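Quick mapping for you: the protein sequence lines, in order, are chains A, B and C. All you need for the numbering used here is the position in the first sequence, starting with 1, plus 63. All you need for the numbering used here is the position in the second sequence, starting with 1, plus 457. At position 47 of the third sequence (counting the first as 1) the number is 30 in the numbering used here, and the numbers step up by one without a gap. Presented below is the structure to which this report refers.
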Amino acid sequence: MTNSIAEIEDAGCVFIIGSNTTACHPLIARRVIRAKEKGAKLIVADPRNIQLSRFADVAVNHRLGSDVALLNGMMHIIIKKGWHAEDYIASRTEGYDALEEMVSRFTPEKVQAITGVDPGDLEEMTRLYATNPPGSLLYAMGITQHTTGVDNVKSCCNLAMLCGYVGVRGGGVNPLRGQNNVQGACDMGGLPNVVTGYQPVADEAVREKFSKAWGAELPAATGLTITDMIPAMLEGKLKGLYVIGENPKLSDPDWNHFNHALKRLDFLVVQELFLSETAQVADVVLAGASVAEKDGTFTNTERRCMRINKAIDPIGNSLADWEIICRLSTAMGYEMRYDNPEEIFDEMAGLTKSYAGMSYARIGLDGLQWPCPDKDHPGTPYLHKDQFTRGKGMFFALDYKDPAELPDEEYPYFLTTGRMFAHFHTGTMTRISPHLDVEQKTGYVDIHPEDAAKMEVRDGDMVVLSSRRGDIEAPVRLTRSVAPGTIFLPIHFGEVPTNVLTNAEAFDPLAKIPEFKVSAVKVHKLVL
Amino acid sequence: MKEQIKSWLEQGTVDVFLGYREVDHHPIPWCFTQEAIEEVDDLVVSPARYSLEKIATHMAAEDPDIRIGMLARDCNNRALNVLYVWNQLRPEQVVTVEANCCPSPLKEHADCSYLEPGTVGAYKKAVGIDNHLRLEAVEAYGPEEGRNRWMYEFQKCIKCYGCRNICPVCFCRECSLDHDDLVGTGPLLPDIPIFHLVRAVHMAGRCIDCGLCEDACPMDIPLRLLYQKVNRIAMDLFDYRTGTSGDQPPFSILGDRVTLEPKPIQPVTGAEA
Amino acid sequence: MTIKRITFLQELLGLFGLQERVHLAWISSAEAQKFVEVVTAFTEKIKSLGPNPLPAYRDAPRAALAAAAH
Ligand code: SF4
Ligand code: SF4
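Written out as structure tokens, the structure is:
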């Protein structure tokens, strides 16, 4: 997030796109509701009718994958009406002319043809966003998990910059991260091309700095993304896989394809709390300690690095992840010895500018938000205050592209996937909780009553869903939260493996993120 | 006070003392023990409130003979009374150190910084319910207005169960809110108003108006007013003052006799030193 | 006790303006005529009250919320 969670309350307008906030980020939804109750305007754009749509001044259901068109349409209106922040654009950004030229083509009529959004609604939501500063834009996986994920994100930034909302309190472009520590994992270099603080591996100076600190030469080649790993496994180029705290057997697109790839591996190691679907097929399982059993830090979606404190010692022979990695490294010939995670943190802070001013003592209970470059720096509640990281904010002129797969005669329904409030990801932790299990015991498919009538199915009937990749069965849940023509599957349930249907071939060319949010399927009633 | 608590722990008057300890400038609910008696020096009495008696109930469920010392405001004491009445704790096993308390229809003269009115947004005032209203004002809404306002508030619910989990007098082993024949499960929006009404009905004659549920509710739903309403009905119909009466409620939705076992809904966590 | 329970329920439903939808009457097994009368009268009353307004908050949320807004 460019801004902080608490600041959302002080926004003049909150625009939510591609985030089912009450279900997936409930405590951020709390801020949204508070903003609304204090008088902010609320706009929700989502292919589904989410809980927050109820409270919105304008709520639209744009067609799956049509985000760029919708956002370009909003910018078209802003420029036409003169609602854009001219001084801000002139002094702080570049690339405006190309953007103006591009969005001039996105007339409300054209946008309606692509997105299905009524021109009146489009104009009203645009007016609310552009004329109630500061506007806080929130998005989540509904923006990123597309073949055009990067374009979608850039379009969100274009819109916010056009109104001068980036670098101001209460505004910003705020991606809501999927896990408590996914921001921290990325900050720590959990990506194939960077080390900590997004320092590129390809940069020789960076490699030199780290080689010196670690007393070992670092390879210059970047690693593989998971999307690239799967073909490499199939081609036999990747022979061993070490999975830490992930359950790709359930979470990766095109289940059949991925399983086929897994079988080609010579060796699979999984480090997990529980025997997840992936751990069950591993050659070696390393027992990781749970959050209650380890010390360390998490960095959350608002860049706030916070301490976690061990409540109990690890049970059985499980170990904290850092200890397992140290032992493994030592066994493989590079001696890695630390007495505690604080030592590791201090080493990292010494090598990473955005964390340089942090220490366990300073983080305390409240945490610190990066960038925090020195020991007296109070942390940064919102980014890009006086200038952007790269100097000037860049507008990207982006044309709309269709998702990789659209419904056709054979596969007439849009399928989108996501989460429900009671479960987390593949359910490895939540499905074993009796209180959460009571909420939702198994998978289901959300279908609009009108579609159900056409399919001649009723609430609770079993249906077979098929895509070009495979078939699964699921019980029907009738709901008006999905629009007719679209069905929704939650991703948490191993017995209803949603990702049998999704497409591994369709991913964003840059970010390599798979298009989980759009596939085409057919549905028919299961006849026994 | 600290000296007294230390001597209780040293002499074994109590096995544990539940209070608050200052950690990084935050008062944190804390379980003081003889083994770490020096921690008592960091004990703080502040406006911070937590249902310490809920922790006590969980402990007693694990070890029925445990003797517990507790920092208690008036709301904690009312909750303790209810827990004694419902056989969740025994009065002999609890000793308290008194601290300042909060105003409530159940006790008029008191102060509690938590209950100082925060700001309630204009939109909420217009369509929802101002959490600081008096119950009479809420009862005075016409049928349609009342319905609209309550349903606006309930529609915000994200079913986090914070209200149940914090409540000092929610101790049932099996919770009706988890029962899918009583309250629909699955999607958000939850089953409204059933979810809230089922909980409200179970609070009649039990809720001691501490307001912790409302404090915990991330959506600022005026839960305290809702439970004041059920208690008001219990008071009007039966002249029963929850939390001060030593008798079981004359009227109980749970059944006429209390047969529940002292079992918490989840194992003890959080208070461990 | 029953009358108190029903009174309790009516009072609670009163918050939503639904108290009239609960009715209590004592009828012995010998009072067939009274049974018919009470049930008929109550059915009539419910019919005249119209459908339960609460499901609308689920199914037509925006309309219901708009109603709340003024
Ligand atoms: S006010 Fe809320 S938390 Fe306190 S006793 Fe009543 S229901 Fe429980
Ligand atoms: S605390 Fe509030 S949001 Fe959470 S379940 Fe209770 S009423 Fe709903």
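Note that CB positions come from ideal geometry on N, CA and C, so glycine has one too. All values derive from a computational prediction rather than experimental measurement.
Item                                                                                                                                                                                                    : Value
With DSSP run on the structure shown, which of helix, strand or coil describes D534 of chain A?                                                                                                         : strand
Would you identify the three-state DSSP class for N124 of chain A, choosing helix, strand or coil?                                                                                                      : coil
Strictly under 8 Å for the Cβ-Cβ distance: is K616 of chain B near chain C by that measure?                                                                                                             : no
Can you tell me where the beta strand (DSSP E) holding K613 of chain B begins and where it ends?                                                                                                        : From DSSP, K613 of chain B is part of no beta strand (DSSP E); its letter is neither H nor E.
Do K455 of chain A and T156 of chain A have their C-beta atoms closer together than 8 Å?                                                                                                                : yes
Check the DSSP bridge columns for F(-9) of chain C and list the partner residues they point to.                                                                                                         : Per DSSP, none; premise fails for F(-9) of chain C.
Who are the neighbours of T85 of chain A on chain B, taking C-beta pairs under 8 Å?                                                                                                                     : I615 and L645
Leaving out the 5 sequence neighbours to the left and right, which residues in its chain are closer than 7 Å to V231 of chain A when beta-carbon positions are compared?                                : P197
State yes or no: is the beta carbon of P675 of chain B nearer than 8 Å to at least one beta carbon in chain A?                                                                                          : yes
Relative to chain A, which residues along the region 473 to 506 of chain B have a C-beta separation below 9 Å, given in chain order?                                                                    : V480, D481, H482, H483 and I485
Report the partner residues of C368 of chain A according to the DSSP bridge assignment.                                                                                                                 : A:T362 and A:L431
In chain B, what lies closer than 7 Å to T26 of chain C by C-beta?                                                                                                                                      : What T26 of chain C touches in chain B: nothing, since even the nearest Cβ is about 21 Å away.
Which term fits T84 of chain A, buried or exposed, when burial requires 16 or more other beta carbons within 10 angstroms of its beta carbon?                                                           : buried
Following the continuous alpha helix (DSSP H) through H587 of chain A, name the residue where it begins and the one where it ends.                                                                      : That residue, H587 of chain A, is in no alpha helix (DSSP H); its beta strand (DSSP E) goes S582 to K588.
Need the endpoints of the alpha helix (DSSP H) that Q246 of chain A sits in, please.                                                                                                                    : V245 to D250
Determine whether the Cβ of Q468 of chain B lies closer than 8 Å to any Cβ atom of chain C.                                                                                                             : no
Any C-beta of chain C sitting closer than 8 Å to the C-beta of R604 of chain B?                                                                                                                         : yes
Counting only runs that start and end within the region 413 to 490 of chain A, where is the beta strand (DSSP E) found for 3 or more residues in a row?                                                 : 476 to 481
Excluding the five sequence neighbours on either side, which residues of its own chain have a C-beta within less than 7 Å of the C-beta of A284 of chain A, listed in chain order?                      : none
Going by alpha carbons, who is nearest to K686 of chain B out of C:E(-6), C:K(-13) and C:R(-12)?                                                                                                        : C:E(-6)
Give the interface partners of L736 of chain B over in chain C, defined as CB-CB distance under 8 Å, in chain order.                                                                                    : Because chain B is modelled from 458 through 730, residue 736 of chain B falls outside the range shown and cannot be assessed.
Please list, in chain order, the residues of the region 74 to 108 of chain A that have any C-beta partner in chain B closer than 8 Å.                                                                   : T85, A86, P89, L90, A92, R93, I96, R97, K99, E100, K101 and G102
Starting from the C-beta of R126 of chain A, find all residues in its chain whose C-beta is less than 6 Å away, skip the five residues before and the five after it, and write them out in chain order. : T178 and G179
Quick one: using the 10 Å Cβ neighbour count with 16 as the cut-off for buried, is H653 of chain B buried or exposed?                                                                                   : buried
Helix, strand or coil: which one does DSSP assign to S570 of chain B?                                                                                                                                   : Because the pLDDT at S570 of chain B is just 48, under 50, the model does not fix this residue reliably, and the point stays unresolved.
Among residues of its own chain, excluding the 5 on either side of M224 of chain A, which ones have a beta-carbon nearer than 7 Å to its beta-carbon?                                                   : T156, G456 and F458
I'd like to confirm something about Y697 of chain B: is its beta-carbon nearer than 7 Å to some heavy atom of ligand 1, or not?                                                                         : no
Inspect the beta-carbon positions of I623 of chain B and S508 of chain B and report whether they are closer than 8 Å.                                                                                   : yes
Which residue marks the beginning of the alpha helix (DSSP H) containing I91 of chain A, and which one marks its end?                                                                                   : P89 to K101
Report yes or no: do the region 291 to 310 of chain A and the region 438 to 455 of chain A share at least 3 C-beta pairs separated by less than 8 Å?                                                    : no
Three Cβ pairs or more, each shorter than 8 Å: is that satisfied between the region 134 to 153 of chain A and the region 187 to 202 of chain A?                                                         : yes
Does any CB atom of chain B fall closer than 8 Å to the CB of V520 of chain A?                                                                                                                          : no
Verify the CB distance criterion: does T(-10) of chain C have a CB-CB separation below 8 Å to chain B?                                                                                                  : yes
Check whether chain B comes within 8 Å of N0 of chain C, counting only Cβ atoms and requiring the distance to be less than that.                                                                        : The question names Asn, but residue 0 of chain C is Gly in the sequence shown. It does; some Cβ of chain B falls within 8 Å.
Between G502 of chain A and chain B, is any beta-carbon pair separated by less than 8 Å?                                                                                                                : A quick correction: the sequence has Glu, not Gly, at residue 502 of chain A. Chain B contact via Cβ: present.
Checking contacts by CB at 8 Å: is Q612 of chain B closer than that to chain C?                                                                                                                         : yes
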